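Asker: Let me begin by handing over the structure; questions about it come next.
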Amino acid sequence: MRPHPLLAIAAAALALWVALRLIDIPPEAPPQARGPGEVTSDPEPQTKTAPADHPARATTRALAPRPAATIRARVVDGAGHPVSGAELVAESAETLGDGQTTAVREPAARGRSDADGRVAIAVPADEILVLHVTHREFPRTVVATRWTARAGESAELGDLVLYSRPGILVEVRDAAGPVEGARLELAPAIDDAFLPGHATLAARRYAVSGPDGSALLHAVDAGSYTLRVDSPLHATWVGTVDQPPAPSSIPRHAVQLVRGLMVRGRTYDPEGAPLGNVRITACPVGQGGPVVQTRSGSDGAFRLGGLAGGYHELSADHVEYGTLSYGPVPAGAGTTEVELRFPSTGIVQGVLVGSGQPIAGAHVHVEREDGWPLIRAGRQITPRARSDAKGRFRLRGLPPGRFRVRAESEGWSPTSSGPHEPDGPDIRIEMVPPSEVRGLVLGPDGRPIRNATVLLLDHNDDGSGLAALLLSATGPGPALPRTATREDGTFILTAAPRGAWRLAVRASGFAPGVRRITLAEAPLDLGAVRLTTGATVQGTALDAEGRPLAGVTVCLDPLPDPGGPAGEDLRTPSTGRSDASGAFRLGPVPAGRYEVFYYSPELGSAAEAGACRSETRSELHLLDGMERTLDLRRRKR
């Protein structure tokens with residue numbers, strides 16, 4: 083991968099992002115929907131939940147609709163092919179008499195995948211869920227054991243992989259015998275933070291123990307793993323297990339649990355109203371032992387079970403009110419009670435105007451001055467608001483620091499202001515009309531190309547995974563305009579935001595063209611934009627024994643030109659998947675130096691996926707019009 087001007091920041095952000103995603107299954111909303119960690123703030127006052135002893139509370143809860151969230155996913159097999167007719171089931175945790183949680187007894191929601199493997203279900207919000215997938219041709223596969231969402235959230239889980247081959251059998255017991263309903267999570271002992279996020283997450287396995295205490299973790303490749311076992315009324319168990327290469331039978335591991343202790347309490351907002359969906363973490367003080375987490379319910383109540391003896395530091399995280407520390411507190415047999423009340427957070431407010439008039443209905447959000455994401459409750463959040471009829475907006479939930487305010491509205495160029503500190507004076511943001519880009523798209527023979535796609539990209543968007551991470555970390559950008567060329571090859575891109583951008587031109591049969599542009603008040607005429615034929619790379623993905631591999635991801639990444647200026651390479655990576663016969667085809671891409679390799683998102687560990695990349699990597703020098711054919715074979719160790 084060629085050097086990126088913000089490599090250091092992006093690399094650190096990547097490591098942070100992977101670590102945070104590994105805490106919970108990563109529900110991440112599509113760009114056009116409100117993200118799972120975003121805080122929506124309106125100028126109008128918000129209705130608060132009544133206290134627990136309020137006489138109208140029971141009636142209100144009975145009449146109000148149950149808050150829901152949406153889960154979307156795609157079910158695939160180990161080769162990456164879609165699986166239709168698979169059932170995605172969400173189960174809600176039950177509460178025992180002493181307030182501890184146990185594995186689920188009845189489904190909260192279920193849905194079946196379509197011909198493309200896609201499935202969507204509506205699940206209860208603010209509840210800890212166990213998610214699993216079943217299909218007549220595959221064993222039951224658990225995909226999450228502690229999944230939770232906020233009301234109204236739309237979460238995309240990505241590919242849920244069904245495996246046929248077994249891996250490790252774990253038998254969970256305590257002094258009285260088998261333990262049913264224990265939740266197991268198996269993760270690589272060391273995660274490679276520089277692999278793609280989905281490759282790292284695909285290496286994790288989940289299971290729930292049955293009535294005989296056994297739990298089967300599927301498709302575990304050779305290596306060292308960390309196993310975590312959570313069970314009601316037991317202290318959480320964490321240990322290391324090793325999977326030998328090519329075992330003759332399924333390895334068995336015994337886990338002996340002991341009685342656990344508990345801390346319980348309630349969480350409140352700054353005004354004293356019960357606050358739900360707060361993530362509470364207990365960390366042992368001065369002793370070894372696992373970190374235990376839970377979430378508060380809609381009434382603010384929480385119970386942290388599975389604690390070992392001794393004292394624990396508590397931290398409470400909420401997407402709007404930040405992090406609150408408390409303790410240390412002793413873990414006991416249901417007697418330790420705490421109250422966690424969040425302090426007030428900062429506010430940035432002001433007014434939007436354009437041509438001297440207030441702008442209503444504009445989207446406003448804040449970003450840190452240094453570009454780092456705002457992380458709360460294990461999620462990246464973006465405090466947001468919409469301007470009212472007078473153009474006023476109010477952004478809440480800000481920690482101390484300096485923030486830039488960004489405003490976006492149809493018919494106006496996105497505008498930034500700041501930096502500003504919370505609780506300062508009102509700010510006034512003047513928005514200006516957008517610019518316009520004109521041009522003519524020609525082929526290598528000088529003939530106009532019709533129906534070519536012309537669109538704007540962020541000036542840091544080079545198509546790499548690193549750039550995608552950086553852009554996601556700095557918050558969502560505006561909805562960028564795009565258009566298509568006319569019969570004579572001309573185009574007009576209207577409502578183009580002012581500033582520095584990359585303009586991309588894409589047409590079937592040609593290498594994509596990308597150039598840097600800067601938009602100002604006056605329209606920009608690019609003249610002729612000439613596309614090239616480009617080069618293609620095709621071949622077969624093979625394993626170390628020469629067998630074709632289906633469903634592996636093949637990447638063609640640009641390498642920097644040793645004689646070219648730094649940061650001026652506008653080529654973008656090209657990726658694709660091998661078909662059932664292992665064949666792949668990439669391009670066309672502009673001429674230049676590239677590296678080509680493959681990896682499999684379904685490999686059993688992040689380290690194995692990284693080794694696969696290095697053991698299949700080759701360098702190519704491609705010329706315009708070239709069609710390169712090669713066998714991409716993994717080198718033997």
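Converting from the sequence shown to our numbering requires adding 82 to each position, the first position being numbered 1. Think of the CB as a built atom: it goes at the ideal place given N, C-alpha and C, for glycine as much as any other residue. Source: prediction; values computed, not measured.
Our contact map puts L239 next to D159 with C-beta atoms below 8 Å; I'd like the distance itself, whole angstroms only.
Answerer: Along the sequence shown, one-based indexing puts residue 239 at 157. Along the sequence shown, one-based indexing puts residue 159 at 77. Contact doesn't hold; Cβ gap of about 16 Å is too wide.
Asker: With a floor of 3 residues, list each beta strand (DSSP E) that falls wholly inside the region 383-471, ordered by position along the chain.
Answerer: Runs of the beta strand (DSSP E) inside the region 383-471: 383-389, 393-400, 404-412, 419-423, 428-436, 445-450, 456-458, 461-463 and 465-468.
Asker: Going along the chain, which residues of its own chain have a beta-carbon closer than 6 Å to the beta-carbon of L608, five neighbours each way excluded?
Answerer: In the sequence shown, counting from the first residue as 1, residue 608 sits at position 526. Counting only Cβ-Cβ distances below 6 Å, and skipping sequence neighbours, we find G521.
Asker: Taking N533 as the reference, give the member of G525, D540 and L539 with the closest Cα.
Answerer: Taking the first residue of the sequence shown as 1, we reach residue 533 at position 451. It is G525.
Asker: Return helix, strand or coil for R695, following the three-state DSSP convention.
Answerer: The residue labelled residue 695 in the question sits at position 613 within the sequence shown. Helix, per DSSP.
Asker: In the DSSP assignment, find the beta strand (DSSP E) that holds S236 and state where it starts and stops.
Answerer: Indexing the sequence shown from 1 puts residue 236 at position 154. From DSSP, the beta strand (DSSP E) with S236 extends over S236 to L244.
Asker: Identify, in the order they occur along the chain, each residue of the same chain with its Cβ nearer than 8 Å to the Cβ of V596, setting aside the five sequence neighbours on each side.
Answerer: Here residue 596 refers to the residue found at position 514 when the sequence shown is read from its first residue. Hits under 8 Å: L539, R584, L585, A586, V587, L652, R653 and T654.
Asker: In this structure, does DSSP put S380 in helix, strand or coil?
Answerer: What you label residue 380 is simply residue 298 of the sequence shown in a count that begins at 1. In the structure shown, S380 sits in coil (DSSP, three-state: anything other than H, G, I, E or B).
Asker: Is it buried or exposed, I332, if we count other Cβ atoms within 10 angstroms and call 16 or more buried?
Answerer: For this step, residue 332 is matched to residue 250 along the sequence shown. It is exposed - the Cβ of I332 has fewer than 16 other Cβ atoms within 10 Å.
Asker: Rounded to the nearest angstrom, how far is the Cβ of L309 from that of V323, given a contact under 8 Å?
Answerer: For this step, residue 309 is matched to residue 227 along the sequence shown. For this step, residue 323 is matched to residue 241 along the sequence shown. Confirmed, about 5 Å.
Asker: Does the region 345-352 touch the region 385-398, meaning 3 or more C-beta pairs lie closer than 8 Å?
Answerer: Touching, per the Cβ criterion.
Asker: Counting C-beta neighbours from all protein chains within 10 Å, is the total for D570 16 or more, i.e. buried, or is it exposed?
Answerer: Residue numbering aside, residue 570 sits at position 488 when the sequence shown is read from its first letter. D570 comes out exposed.
Asker: Starting from F666, follow its DSSP beta bridges and name the residues at the other end.
Answerer: Locating residue 666 in the sequence shown gives position 584, counting from the first residue. Note: F666 sits in a beta bridge opposite G621.
Asker: R564 to V536, Cα distance in whole Å?
Answerer: The residue you call residue 564 lines up with position 482 of the sequence shown. The residue you call residue 536 lines up with position 454 of the sequence shown. Answer to the nearest angstrom: the Cα atoms are 6 Å apart.
Asker: Can you list, in chain order, the residues of its chain with a C-beta nearer than 8 Å to that of T427? Leave out the 5 residues immediately preceding and following it.
Answerer: Counting from 1 along the sequence shown, the entry for residue 427 is found at position 345. For T427, where only same-chain residues beyond five positions count, the Cβ hits under 8 Å are P352, E402, Y403, G404, R478, G479, L480, P481 and P504.
Asker: Assess contact between the region 162-173 and the region 195-204, defined as three or more Cβ pairs (one per stretch) separated by less than 8 Å. Is contact present?
Answerer: Yes: the two stretches touch, three or more of their Cβ pairs being nearer than 8 Å.
Asker: Can you give me the start and stop residues for the beta strand (DSSP E) that V158 sits inside?
Answerer: Taking the first residue of the sequence shown as position 1, residue 158 is located at position 76. Its beta strand (DSSP E) spans residues A150 to D159.
Asker: Please report how far the alpha carbon of V516 lies from the alpha carbon of V446, in whole angstroms.
Answerer: Numbered from its first residue, the sequence shown carries residue 516 at position 434. Numbered from its first residue, the sequence shown carries residue 446 at position 364. It is worth fixing the name first, because residue 516 is Pro in this sequence and not Val. C-alpha separation (whole angstroms): 17 Å.
Asker: On a CA-only basis, which of H400, E395 and V420 is nearest G409? Give me that one, please.
Answerer: Residue 409 sits at position 327 when you count from the first residue of the sequence shown. Ranking H400, E395 and V420 by Cα distance to G409 puts E395 first.
Asker: Does the region 260-267 come into contact with the region 291-307, if we say contact requires no fewer than three beta-carbon pairs (one atom in each stretch) closer than 8 Å?
Answerer: Cβ pair count under 8 Å is three or more, so yes.
Asker: Can you give, in chain order, each stretch of the beta strand (DSSP E) that sits fully within the region 559-634 and has at least 3 residues?
Answerer: Runs found: 564-566, 572-578, 581-588, 595-601, 606-612 and 617-624.
Asker: Restricting to Cα atoms, I'd like to know which of T216, L211 and V212 is closest to V165.
Answerer: Residue numbering aside, residue 165 sits at position 83 when the sequence shown is read from its first letter. Minimum Cα distance to V165 is reached at T216.
Asker: Going by alpha carbons, who is nearest to L638 out of G581, L702, L624 and A662?
Answerer: In the sequence shown, the residue the question calls residue 638 occupies position 556. For the residues G581, L702, L624 and A662, the minimum Cα distance to L638 belongs to L702.
Asker: Using only the alpha-carbon positions, how far apart do T556 and T497 sit?
Answerer: The residue labelled residue 556 in the question sits at position 474 within the sequence shown. The residue labelled residue 497 in the question sits at position 415 within the sequence shown. Confidence at T556 is low in this model, with a pLDDT of 48, below 50, so its placement is unreliable and the value that follows should be read with caution. Taking the straight line from one Cα to the other gives about 15 Å.
Asker: Which whole-angstrom value is the C-beta distance of A617 and G473, which I expect to be below 8 Å?
Answerer: Position 535 of the sequence shown, counted from the first residue, corresponds to residue 617. Position 391 of the sequence shown, counted from the first residue, corresponds to residue 473. Actually they are not in contact, since the Cβ atoms of A617 and G473 sit about 52 Å apart, beyond 8 Å.
Asker: Name the one or two DSSP bridge partners that W229 has.
Answerer: Locating residue 229 in the sequence shown gives position 147, where the first residue counts as 1. Answer is L211.
Asker: Assuming contact is defined by CB atoms lying nearer than 7 Å, are A161 and G633 in contact in what I supplied?
Answerer: Along the sequence shown, one-based indexing puts residue 161 at 79. Along the sequence shown, one-based indexing puts residue 633 at 551. A contact, by the Cβ cut-off of 7 Å.
Asker: Answer with buried or exposed for A602, where buried requires no fewer than 16 other C-beta atoms within 10 angstroms of its C-beta.
Answerer: Position 520 of the sequence shown, counted from the start, is the residue given in the question as residue 602. Counting Cβ neighbours within 10 Å, A602 comes out exposed, since fewer than 16 surround it.
Asker: I'd like the list of long-range same chain contacts for S660, defined as Cβ closer than 7 Å, with 5 residues on each side in sequence excluded.
Answerer: Residue numbering aside, residue 660 sits at position 578 when the sequence shown is read from its first letter. Contacts found: A623, L631, A632, G633, V634, V636 and F666.
Asker: How far does the beta strand (DSSP E) with R535 in it reach, from first residue to last?
Answerer: The sequence position of residue 535 within the sequence shown is 453, counting from 1. At residue 535 the sequence reads Thr, which differs from the Arg that was named. Unbroken beta strand (DSSP E) run through T535: T535 to D540.
Asker: For R717 versus E697, is the C-beta spacing smaller than 7 Å?
Answerer: In the sequence shown, counting from the first residue as 1, residue 717 sits at position 635. In the sequence shown, counting from the first residue as 1, residue 697 sits at position 615. A contact, by the Cβ cut-off of 7 Å.
Asker: Just to confirm the assignment, what range does the beta strand (DSSP E) spanning I332 have?
Answerer: On the sequence shown, position 250 is the one that residue 332 refers to. Note, I332: premise wrong, no beta strand (DSSP E); not H, not E.
Asker: With a 10 Å radius around its C-beta and 16 neighbouring C-beta atoms as the bar for buried, classify G591 as buried or exposed.
Answerer: Numbered from its first residue, the sequence shown carries residue 591 at position 509. Classification for G591: exposed.
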